[in-house]
């Protein structure tokens, strides 16, 4: 049973969401501020639902501190129209965001999509027939362990960042649409003004060292998508 840590200071909302997620087969723990969340967080937690506006320690500060020690998947719960919160959350390593008020079915679908990706990684670790390690320039991507390294030095990527990077490496030199990336990486259809994929690409550009061959890692083709630049 997957364990979810729900973090929100709205006690009525957390009660309703806990009931919903319990019915969907999840094991849900609740925290009402960032300090409680960090004290409850351990390796048994599979995913966090993290509200932005909370007392004592808000969601942005909580995520920033969390990412120093954990790569646990995080879905940010933001106020509708709060573009700055979404951008900050994604920059700090949130996997996805969901603006309030949201549809219950959409929330469950987002959770399951991220957990499927996480479980796929675990299954790859336990089998010898998983997807192959890919190398681009001095970058090595091991999908089984979800580990990325450059010139032998480990890179600190979230699960979503790794999945996006590996998918682009699988299509090296080919344009991959934002729609396809959103569906495959985040498990959701791309909607107007959705910048999640763009922000994850921006994070990768910031985290990846400069290539030895002098090429950029990615090219943006406006209206078409992204490609990972091949060495040739």
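Residue numbers (our numbering): -16 to 215. Glycine is no exception: its CB is placed at the ideal position from the N, C-alpha and C atoms. These numbers were taken from a predicted model, which means no experiment stands behind them.
So, are the CB atoms of residue i and residue j less than 8 angstroms apart?
i	j	result
residue 20	residue 52	no
residue 140	residue 132	no
residue 60	residue 81	yes
residue 57	residue 33	yes
residue -13	residue 29	yes
residue 4	residue 11	yes
residue 37	residue 78	no
residue 130	residue 187	no
residue 161	residue 150	no
residue 208	residue 159	yes
Pick from the options: whose alpha carbon is nearest that of residue i?
i	options	result
residue 210	157, 153, 121, 117	157
residue 192	147, 166, 122	122
residue 183	-11, 76, 10, 94	76
residue 147	196, 181, 90, 18	181
residue 7	128, 159, 185, 93	93
residue 89	206, 0, 197, 199	0
residue 127	136, 117, 31, 135	117
residue 35	179, 69, 160	69
residue 31	66, 86, 95, 67	95
residue 177	41, 66, 114	66
residue 87	55, -3, 202	-3
residue 197	190, 213, 189	213
residue 195	134, 115, 202	134
residue 125	55, 99, 153	153
residue -10	2, 15, -16	15
Taking residue i and residue j to be in contact with their CB atoms under 8 angstroms, please state how far apart those CB atoms are, rounded to whole angstroms.
i	j	result
residue 119	residue 169	That belief does not hold up - the Cβ atoms of residue 119 and residue 169 are roughly 22 angstroms apart, past 8 angstroms.
residue 47	residue 18	Contact doesn't hold; Cβ gap of about 14 angstroms is too wide.
residue 185	residue 142	No, residue 185 and residue 142 are not in contact; Cβ-Cβ is about 17 angstroms, not under 8 angstroms.
residue 43	residue 24	Wrong, their Cβ atoms sit about 16 angstroms apart, outside the cutoff.
In terms of residue numbering, what span does the beta strand (DSSP E) encompassing residue i cover?
i	result
residue 79	79 to 83
residue 34	30 to 34
residue 118	117 to 119
residue 125	122 to 125
residue 203	201 to 204
residue -12	-14 to -10
Output the boundary residues of the alpha helix (DSSP H) element that contains residue i.
i	result
residue 132	Where residue 132 is concerned, there is no enclosing alpha helix (DSSP H), although the beta strand (DSSP E) it sits in stretches over 130 to 133.
residue 13	Residue 13 -> not in any alpha helix (DSSP H); beta strand (DSSP E) instead, spanning 10 to 14.
residue 145	142 to 153
residue 47	42 to 49
residue 269	In this structure the chain extends from -16 to 215, so residue 269 is not present and cannot be described.
residue 138	Here residue 138 belongs to no alpha helix (DSSP H); instead the beta strand (DSSP E) covers 136 to 138.
residue -3	-6 to 6
Are any of the Cβ atoms in chain B nearer than 8 angstroms to that of residue i?
i	result
residue 82	The structure shown contains no chain B; it is built from a single protein chain.
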